[in-house]
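Chemist: For the sequence shown, the numbering used here assigns the number 5 to the initial residue and increments by one for each residue that follows.
Glycine included, each C-beta is placed from N, C-alpha and C at the ideal position.
This one's a predicted model, so the numbers in the text were calculated from it and none came from an experiment.
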Amino acid sequence: MVKAVFLAEISGVPLGGLYGDARLSNDGVLLNPPEVLLRSFGPPEARWIQEGSVLIPYNAIIDVDSFKPLKIGIKYVKIRFVDRLGTVRKISFAPITGTLIPTSLAEQWVKELRRRMGAVQQPITPQQTVAPGWELVSPTQERAAFAKPPEVREEPSRPAGAPAPKPVERPQEAPKEAQVPLASVRIEVACGHCGKIFQVPVPKAILEGSQLYATTMACPHCGKKNTITKIKTPDGEYMWQAAPAM
5 MVKAVFLAEI
15 SGVPLGGLYG
25 DARLSNDGVL
35 LNPPEVLLRS
45 FGPPEARWIQ
55 EGSVLIPYNA
65 IIDVDSFKPL
75 KIGIKYVKIR
85 FVDRLGTVRK
95 ISFAPITGTL
105 IPTSLAEQWV
115 KELRRRMGAV
125 QQPITPQQTV
135 APGWELVSPT
145 QERAAFAKPP
155 EVREEPSRPA
165 GAPAPKPVER
175 PQEAPKEAQV
185 PLASVRIEVA
195 CGHCGKIFQV
205 PVPKAILEGS
215 QLYATTMACP
225 HCGKKNTITK
235 IKTPDGEYMW
245 QAAPAM
């Protein structure tokens, strides 16, 4: 096993700093991710387990590539694969070597993974199981099936020569009140001490605007304080990160 930095997306923002282990075995990629990322592999019955680690078999991998989350920092391996239940999932991690200045092995791993994937005879494909008597439909067909049909009103019978009934006047709807935007919203960050995810309230104007921001909050899991900051990357994008408070 080598050390690996796993990547999680919290509120759409890439977040690293979650450590585990990784190894290429004869059957596939063996991973020991942090507990908070186990859900990336689906429920327990959807996971392959080997030697106490999560296994991604080579014949279950759809594609693999290397990338930099924010176009800076070390490279990560991104794997799309099919779990035991036929669901497509993805995981990103950076196998690293060295301590003071870690070096990513992502490019070497991607090259080796592609070589081993090419040797697989029968790859696993995503399953589309359909019960007998049923058929798969497109999203457009599904929406059309559940669309409400136009109203069909049946005219009541009336004696010959009787005047037609007057149309029923519908009461005017009261104007809807304008919705007041929330003063604050909640984002999710990973604790810089225990690695578990918790929510932090931040002003909505800060989240949507370009102003930088910092606050301190204790992790509800371990009780230790974190400094949560909004920073601007060299690419001009914004990201949130949590670090142990000094």
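Provide the residue span of the beta strand (DSSP E) that contains A222, from first to last.
Modeler: In the sequence shown, counting from the first residue as 1, residue 222 sits at position 218. It spans Y217 to A222 - the beta strand (DSSP E) in which A222 sits, taken as one unbroken run.
Chemist: Which first and last residues belong to the beta strand (DSSP E) in which G122 is found?
Modeler: Taking the first residue of the sequence shown as 1, we reach residue 122 at position 118. Segment A110 to G122 is the alpha helix (DSSP H) holding G122; no beta strand (DSSP E) there.
Chemist: Look at the Cβ atom of V86, then the Cβ atom of I128, and state whether they are nearer than 7 Å.
Modeler: Your numbering for residue 86 matches position 82 in the sequence shown. Your numbering for residue 128 matches position 124 in the sequence shown. Yes, these two residues count as a Cβ contact at 7 Å.
Chemist: Answer with buried or exposed for K236, where buried requires no fewer than 16 other C-beta atoms within 10 angstroms of its C-beta.
Modeler: Here residue 236 refers to the residue found at position 232 of the sequence shown. Its Cβ having fewer than 16 others within 10 Å, K236 is exposed.
Chemist: Find out if the Cβ-Cβ distance for the pair A98, V9 is shorter than 7 Å.
Modeler: Reading the sequence shown from its first residue, position 94 is the one you call residue 98. Reading the sequence shown from its first residue, position 5 is the one you call residue 9. Yes, the Cβ-Cβ distance between A98 and V9 is below 7 Å.
Chemist: Quick check on N249: does DSSP put it in helix, strand or coil?
Modeler: Here residue 249 refers to the residue found at position 245 when the sequence shown is read from its first residue. Here residue 249 is Ala; the residue named in the question, Asn, does not match the sequence. It is coil, neither helix nor strand.
Chemist: Alpha carbon to alpha carbon, how far is I66 from R190?
Modeler: Position 62 of the sequence shown, counted from the start, is the residue given in the question as residue 66. Position 186 of the sequence shown, counted from the start, is the residue given in the question as residue 190. Looking at the two C-alpha atoms, the distance is approximately 34 Å.
Chemist: DSSP puts P205 in a beta bridge; with which residues?
Modeler: What you label residue 205 is simply residue 201 of the sequence shown in a count that begins at 1. P205 pairs with R190.
Chemist: CB-CB under 6 Å to P37, same chain, minus the five flanking residues each way: which ones, in chain order?
Modeler: Counted from its first residue, the sequence shown places residue 37 at position 33. F10 and G24, listed in sequence order.
Chemist: In or out: R119 buried (at least 16 other Cβ within 10 Å) or exposed?
Modeler: Numbered from 1 along the sequence shown, position 115 holds the residue referred to as residue 119. Looking at its Cβ environment, which holds fewer than 16 other Cβ atoms inside 10 Å, R119 is exposed.
Chemist: Considering Cα atoms alone, identify which of L22, A64 and G21 is closest to V33.
Modeler: Taking the sequence shown and counting its residues from 1, the one referred to as residue 33 is at position 29. Ranking L22, A64 and G21 by Cα distance to V33 puts A64 first.
Chemist: Looking at the structure shown, is S96 part of a helix, part of a strand, or coil, going by DSSP?
Modeler: Here the question's residue 96 lines up with position 92 in the sequence shown. Note: S96 maps to strand in three-state DSSP.
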